[in-house]
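S.K.: Here's a structure for you.
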Amino acid sequence: TQLLEQSPQFLSIQEGENLTVYCNSSSVFSSLQWYRQEPGEGPVLLVTVVTGGEVKKLKRLTFQFGDARKDSSLHITAAQPGDTGLYLCAGVRNAGNMLTFGGGTRLMVKP
Amino acid sequence: GAGVSQSPRYKVAKRGQDVALRCDPISGHVSLFWYQQALGQGPEFLTYFQNEAQLDKSGLPSDRFFAERPEGSVSTLKIQRTQQEDSAVYLCASSTGPRLYGYTFGSGTRLTVV
Chain A
-5 TQLLEQSPQF
5 LSIQEGENLT
15 VYCNSSSVFS
25 SLQWYRQEPG
35 EGPVLLVTVV
45 TGGEVKKLKR
55 LTFQFGDARK
65 DSSLHITAAQ
75 PGDTGLYLCA
85 GVRNAGNMLT
95 FGGGTRLMVK
105 P
Chain B
-13 GAGVSQSPRY
-3 KVAKRGQDVA
7 LRCDPISGHV
17 SLFWYQQALG
27 QGPEFLTYFQ
37 NEAQLDKSGL
47 PSDRFFAERP
57 EGSVSTLKIQ
67 RTQQEDSAVY
77 LCASSTGPRL
87 YGYTFGSGTR
97 LTVV
């Protein structure tokens, strides 16, 4: 059982549709981050949230940190083929420095 | 450099061979991390350095895995007597402050043990 559970694991949608990816845990995190990874490359940081209930927007992407700092969601509005990739959530626990990653959500957006 | 550089990008090793994977972090980044990523999965923590000190090696899967960062910059992950289950992508990341600033990852080394 992973510390961070992502759902769904796979998502295939048409261009223009909306989607939400979830990242859940029973543990509290001092920081929750979302990364996107493309084939053959390392993950790239999209956003960091640190306050319970925090909402951040990055163009068509909206990120929310749960009030209890145990879960997070990523919502994409009007998805485009360029959004295709592996989305990873990752958390830092308490005063640590090490990131724990979820299993990832593989998104495919078809034109 | 501008980013985290890893070499080689691809490595094919015969079972039983020793391999060494190199990571050149962003200049000035104190923290350096190694992760292992299986196909289609999220990265799994291996080990963590702060400057030259290895502060956490709890993720290293066996005593065949060894990492070092002798001068607090370049790091090497060494795998002795490779096994087929070691086949994976090995990712290196550096950071100035993971909690607030996250990691900058390299492109990884894809290791295939045959």
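First to last, the protein sequences are chains A and B.
At position 20 of the first sequence the residue is numbered 14 (our numbering), and the sequence of numbers has no breaks.
At position 39 of the second sequence the residue is numbered 25 (our numbering), and the sequence of numbers has no breaks.
Glycine residues also receive a C-beta, built at the ideal position from the N, C-alpha and C atoms.
(1) Closer than 7 Å: is that where the CB of residue 90 (chain B) sits relative to any heavy atom of the ligand GTP?
(2) Less than 7 Å between C-beta atoms, sequence neighbours within five positions excluded: which residues of the same chain meet that for residue 25 (chain A)?
(3) Since residue 99 (chain A) contacts residue 2 (chain A) with CB under 8 Å, what's their CB separation in whole angstroms?
(4) Report the three-state DSSP secondary structure of residue 46 (chain A) (helix, strand or coil).
(5) Can you list, in chain order, the residues of its chain with a C-beta nearer than 6 Å to that of residue 68 (chain A)? Leave out the 5 residues immediately preceding and following it.
(6) Is DSSP giving residue 65 (chain A) helix, strand or coil here?
(7) Quick one: Cα of residue 104 (chain A) to Cα of residue 78 (chain A), how far?
(8) At a CB-CB cut-off below 8 Å, which residues of chain A make contact with residue -9 (chain B)?
(9) Name the residues in the segment 48 to 66 of chain B whose C-beta lies less than 7 Å from a C-beta of chain A; which are they?
(10) 8 Å is my cut-off, CB to CB: does residue 12 (chain A) come that close to chain B?
(11) Taking buried to mean at least 16 other C-beta atoms within 10 Å of its own C-beta, is residue 99 (chain B) buried or exposed?
(12) Does any residue of chain B bring its CB to less than 8 Å from the CB of residue 102 (chain A)?
(13) Taking 8 Å as the CB-CB cut-off, is residue 42 (chain A) touching chain B?
(14) From which residue to which residue does the alpha helix (DSSP H) around residue 87 (chain B) run?
(15) One question on the structure: do residue 95 (chain B) and residue 32 (chain B) come within less than 8 Å of each other, judged by their Cβ atoms?
(16) Specify, as a first and last residue, the run of the beta strand (DSSP E) that residue -1 (chain A) falls within.
(17) With the cut-off set at 8 Å, would you say residue 23 (chain B) and residue 79 (chain B) are in Cβ contact?
(18) Going by other Cβ atoms of all chains shown within 10 Å of its Cβ, with 16 needed for buried, is residue 23 (chain A) buried or exposed?
(19) Could you name the residues of chain A that residue 10 (chain B) contacts, counting a contact when the two beta carbons are closer than 9 Å?
(20) Is residue 97 (chain B) buried or exposed, if buried means 16 or more other CB atoms sit within 10 Å of its CB?
(21) Please classify residue 53 (chain B) as buried or exposed, where buried requires at least 16 other C-beta atoms within 10 Å of its C-beta.
(22) 8 Å is my cut-off, CB to CB: does residue -6 (chain B) come that close to chain A?
(23) On the DSSP bridge list, what partners appear for residue 18 (chain A)?
(24) Give the straight-line distance between the Cα atoms of residue -7 (chain B) and residue 17 (chain B), rounded to the nearest whole angstrom.
M.R.: With the structure as the only source:
(1) With respect to the ligand GTP, the structure shown offers nothing to examine, as it has no ligands at all.
(2) For the purposes of this step, residue 25 (chain A) is taken as residue 31 along the first sequence, with counting starting at 1. 42, 44, 85, 86.
(3) Counting from 1 along the first sequence, the entry for residue 99 (chain A) is found at position 105. Counting from 1 along the first sequence, the entry for residue 2 (chain A) is found at position 8. Contact holds; Cβ gap of about 6 Å.
(4) Translated into positions along the first sequence, residue 46 (chain A) becomes position 52. In this structure, residue 46 (chain A) counts as coil in the three-state DSSP scheme.
(5) The residue given as residue 68 (chain A) occupies position 74 in the first sequence. Hits under 6 Å: 15, 28, 57.
(6) Here the question's residue 65 (chain A) lines up with position 71 in the first sequence. Strand.
(7) Within the first sequence, numbered from 1, the residue matching residue 104 (chain A) stands at position 110. Within the first sequence, numbered from 1, the residue matching residue 78 (chain A) stands at position 84. When rounded, the distance between both Cα atoms is 9 Å.
(8) Residue mapping note: residue -9 (chain B) aligns to position 5 of the second sequence, counting from 1. None at all; the shortest Cβ gap to chain A is about 11 Å.
(9) none
(10) Taking the first sequence and counting its residues from 1, one reaches residue 12 (chain A) at position 18. By this cut-off, residue 12 (chain A) is not an interface position.
(11) Position 113 of the second sequence, counting from 1, holds the residue named residue 99 (chain B). By the neighbour-count rule (16 or more Cβ atoms within 10 Å), residue 99 (chain B) is buried.
(12) To locate residue 102 (chain A), count along the first sequence from 1; it is residue 108. Under the Cβ criterion of 8 Å, residue 102 (chain A) is not counted among the residues facing chain B.
(13) The sequence position of residue 42 (chain A) within the first sequence is 48, counting from 1. By this cut-off, residue 42 (chain A) is an interface position.
(14) In the second sequence, residue 87 (chain B) corresponds to position 101, counting from 1. DSSP places residue 87 (chain B) inside the alpha helix (DSSP H), whose first and last residues are 84 to 87.
(15) For the purposes of this step, residue 95 (chain B) is identified with residue 109 of the second sequence, where counting begins at 1. For the purposes of this step, residue 32 (chain B) is identified with residue 46 of the second sequence, where counting begins at 1. Going by C-beta atoms, residue 95 (chain B) is not nearer than 8 Å to residue 32 (chain B).
(16) Locating residue -1 (chain A) in the first sequence gives position 5, where the first residue counts as 1. It spans -1 to 1 - the beta strand (DSSP E) in which residue -1 (chain A) sits, taken as one unbroken run.
(17) Taking the first residue of the second sequence as 1, we reach residue 23 (chain B) at position 37. Taking the first residue of the second sequence as 1, we reach residue 79 (chain B) at position 93. In this structure, residue 79 (chain B) does not lie closer than 8 Å to residue 23 (chain B) by Cβ.
(18) To locate residue 23 (chain A), count along the first sequence from 1; it is residue 29. So residue 23 (chain A) counts as buried.
(19) Position 24 of the second sequence, counted from the start, is the residue given in the question as residue 10 (chain B). Correct list: empty, because the minimum Cβ distance to chain A is about 13 Å.
(20) In the second sequence, counting from the first residue as 1, residue 97 (chain B) sits at position 111. Flag for residue 97 (chain B) reads buried.
(21) Position 67 of the second sequence, counting from 1, holds the residue named residue 53 (chain B). Counting Cβ neighbours within 10 Å, residue 53 (chain B) comes out buried, since at least 16 surround it.
(22) Here residue -6 (chain B) corresponds to residue number 8 of the second sequence, with the count starting at 1. It does not; no Cβ of chain A falls within 8 Å.
(23) Start at 1 with the first residue of the first sequence, and residue 18 (chain A) comes out as number 24. Per DSSP, the beta-bridge partners of residue 18 (chain A) are A:-1, A:65.
(24) One-based indexing of the second sequence puts residue -7 (chain B) at position 7. One-based indexing of the second sequence puts residue 17 (chain B) at position 31. Each residue's Cα considered, the two are about 19 Å apart.
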